Amino acid sequence: MTQTSITRSWVASANGHADFPLQNLPLGVFSIAGSAPRCGVAIGEHIFDLQVALEAGLFDGAARSAVEATRDGQLNAFFQLGSAARVALRERLLELFSEGSTLRGNIEAQGAKLLPLAADCQMHLPARISDYTDFYVGIEHAQNVGKLFRPDNPLLPNYKYVPIGYHGRASTVRASGTDVRRPHGQTLPAGASEPTFGPCARLDYELELGIWIGQGNALGEPIAIGDAAEHIAGFCLLNDWSARDIQAWEYQPLGPFLSKSFLTSVSPWVVTAEALAPFRAAQAPRPEGDPQPLPYLFDPRDQAAGALDIELEVLLLTERMREQNLPAQRLTLSNTRYMYWTVAQMVAHHSVNGCQLQAGDLFGSGTLSGPESGQFGSLLEITEGGKKPIELASGEVRKFLEDGDEIILRARCARDGYASIGFGECRGKVLAAR
Ligand code: MN
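This is the structure:
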């Protein structure tokens, strides 16, 4: 069954759902009323409990093996099985939930035990994250930020040869809905020669695509660019919360450290490579004069279809907006097409020295800004480092985030002839420093 041949589900709320129609079927980990976390699939307003479905005998063959790998309530073992298992599960889910399915009665008979409302569930991280790496492949962001510090030379000479990245902190990645506590740290006040210690005064967000690693590699065995797609299980939204004043003082010479490691938020649903297949695109041609990628980073198939066309949005909801019943205000509308390197290039580069990737590792793309105002993926860029505050519909002004501010990331894929899919939200609210 192809993506286009099935358009409707007997789950009424799935049809036309902004995020989770039948064509998406993302995987995640949820719990109900304090139960142990378990793996499920989002469909419309519901979550399909894979453990209950397994016990009800709804799977056999490869799909059954795939679901058995989710029994521990995390997706790592399932990710390690690779694309064949994902495809087998997806095919079976399409059979179970398409309009006219002969198994509708079996599923409905189990009621909310098998298909609870998502609103009654709590979402968790989808996998145990051993390692988290944050890249810097959003070239517009790299240029915008570079310009603030080096107006004549915004991009450093390595940028167009190396997918730049740094090792992030896996232990502080959390699912959407986790509050972000304003961190303390060292900062160097303007004009001062010695730092002060105190709460961050320039708290920011970064709009990023998250990439979940599927099958890992053995230590010492690089993943070839042509095989990289097989090692990607799926995608999420990622907010790389950033303390800009702490970052500015600490980042030289080894890069970000405490300015990033206090929290990273991800949307909880893993949107699979299969669900995103219709929204693949050719990688934008490099501008005249840019170097060709080195051979280990170049694959014609990846260049032809390895980019993604995903619309990305950032919204801000302040305390006052909540009090005045104002809707969240859009700060950013961008797209994953502004990546200078593809996700396959990120995987190939990360492992080219023999570094081991493991199922459930998480990559961040780096901030994905577009070239125009309204497309900037951080307040650092929008306000030019605090020099140009923005005015909000509530009458408030922002240079950076204030206590009580909530940042909401959303994503949407749309293409003529295909059902639109979304990612669900990645939310986080700023709490005052302790
Ligand atoms: Mn980042």
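When you read off a place in the sequence shown, starting at 1, and then add 8, the result is the number in the numbering used here.
Ideal Cβ positions, reconstructed from N, Cα and C, are used throughout, including at glycine.
This structure is a prediction, so every number in the text was calculated from the model and none was measured.
Can you list, in chain order, the residues of its chain with a C-beta nearer than 8 Å to that of residue i? Leave out the 5 residues immediately preceding and following it.
| i | result |
| --- | --- |
| Val-405 | Pro-397, Ile-398 and Glu-399 |
| Ile-240 | Ile-219, Trp-220, Ile-221, Gly-222, Ala-281, Val-351, Ala-352 and Val-355 |
| Ala-77 | Ala-85, Phe-86, Gln-88, Leu-89 and Ala-93 |
| Arg-309 | Gly-234 |
| Gln-194 | Pro-203, Thr-204, Phe-205, Ile-254, Trp-257 and Glu-258 |
| Asn-161 | Gly-154 |
| Arg-72 | Leu-62 |
Would a C-beta distance cut-off of 8 Å place residue i and residue j closer than the cut-off?
| i | j | result |
| --- | --- | --- |
| Ser-17 | Glu-107 | yes |
| Ala-315 | Met-347 | yes |
| Thr-340 | Gln-383 | yes |
| Glu-148 | Pro-379 | yes |
| Thr-272 | Leu-302 | no |
| Ile-115 | Phe-143 | no |
| Leu-156 | Leu-102 | no |
| Leu-324 | Gln-337 | yes |
| Lys-168 | Asp-298 | yes |
| Val-188 | Tyr-140 | no |
| Ala-178 | Ser-138 | yes |
| His-54 | Ala-126 | yes |
| Gly-176 | Gly-372 | yes |
| Leu-164 | Leu-376 | no |
| Leu-387 | Asp-212 | yes |
| Gln-364 | Ala-226 | yes |
Report the rounded CA-to-CA distance for residue i versus residue j, giving the unit in angstroms.
| i | j | result |
| --- | --- | --- |
| Gly-52 | Asn-32 | 10 Å |
| Asp-317 | Ala-200 | 45 Å |
| Thr-326 | Glu-389 | 20 Å |
| Ala-92 | Ser-428 | 24 Å |
| Leu-62 | Leu-122 | 10 Å |
| Phe-67 | Asp-57 | 12 Å |
| Leu-284 | Val-274 | 18 Å |
| Ile-415 | Gln-300 | 37 Å |
| Ala-41 | Pro-134 | 18 Å |
| Gly-228 | Ser-381 | 44 Å |
| Gln-59 | Val-360 | 38 Å |
| Thr-10 | Arg-112 | The pLDDT assigned to Thr-10 is 48, lower than 50, so where the model puts this residue is not dependable; a value taken from the coordinates is nonetheless given after this. If I take the Cα positions, the gap works out to 20 Å. |
| His-357 | Gly-425 | 35 Å |
| His-25 | Trp-249 | 29 Å |
| Arg-252 | Arg-210 | 5 Å |
| Gly-430 | Leu-439 | 28 Å |
Which residues in the same chain as residue i place their Cβ atom closer than 7 Å to its Cβ, once the five residues preceding and following it in sequence are excluded?
| i | result |
| --- | --- |
| Glu-282 | Arg-94, Val-95 and Arg-98 |
| Phe-287 | Leu-316, Asp-317, Ile-318, Cys-421 and Arg-423 |
| Trp-349 | Val-145 and Pro-171 |
| Pro-197 | Thr-204 |
| Ser-109 | Trp-18 and Glu-103 |
DSSP three-state label for residue i, please.
| i | result |
| --- | --- |
| Phe-157 | helix |
| Ile-147 | helix |
| Val-95 | helix |
| His-357 | helix |
| Ile-231 | coil |
| Ile-318 | coil |
| Leu-163 | coil |
| Lys-446 | The question about residue 446 has no answer, for the chain in this structure spans 9 to 442. |
| Tyr-426 | coil |
| Ser-73 | helix |
| Thr-10 | The pLDDT assigned to Thr-10 is 48, lower than 50, so where the model puts this residue is not dependable; a value taken from the coordinates is nonetheless given after this. The answer is coil: DSSP assigns Thr-10 none of H, G, I, E or B. |
| Tyr-304 | helix |
| Ala-44 | coil |
| Gly-119 | helix |
| Asn-333 | coil |
| Arg-288 | strand |
| Gly-297 | coil |
Between which residues of its own chain and residue i is the CB-CB distance below 6 Å, once the five residues before and five after are set aside?
| i | result |
| --- | --- |
| His-132 | Val-37, Pro-45 and Ala-183 |
| Phe-270 | Pro-191 |
| Arg-136 | Gln-82, Asn-84 and Gly-368 |
| Phe-265 | Glu-258 |
| Lys-407 | Thr-391, Gly-394 and Pro-397 |
| Leu-409 | Leu-211 and Val-438 |
Who pairs with residue i in a beta bridge, going by DSSP?
| i | result |
| --- | --- |
| Phe-371 | Thr-141 and Ile-219 |
| Ala-50 | Ile-55 |
| Asn-247 | Leu-215 and Ser-273 |
| Phe-1 | Missing from the structure shown is residue 1; the chain here goes from 9 to 442 and no further. |
| Ser-106 | Ser-17 |
| Glu-63 | Paired residues: none, contrary to the question. |
| Cys-129 | Ile-40 |
| Leu-439 | Arg-189 |
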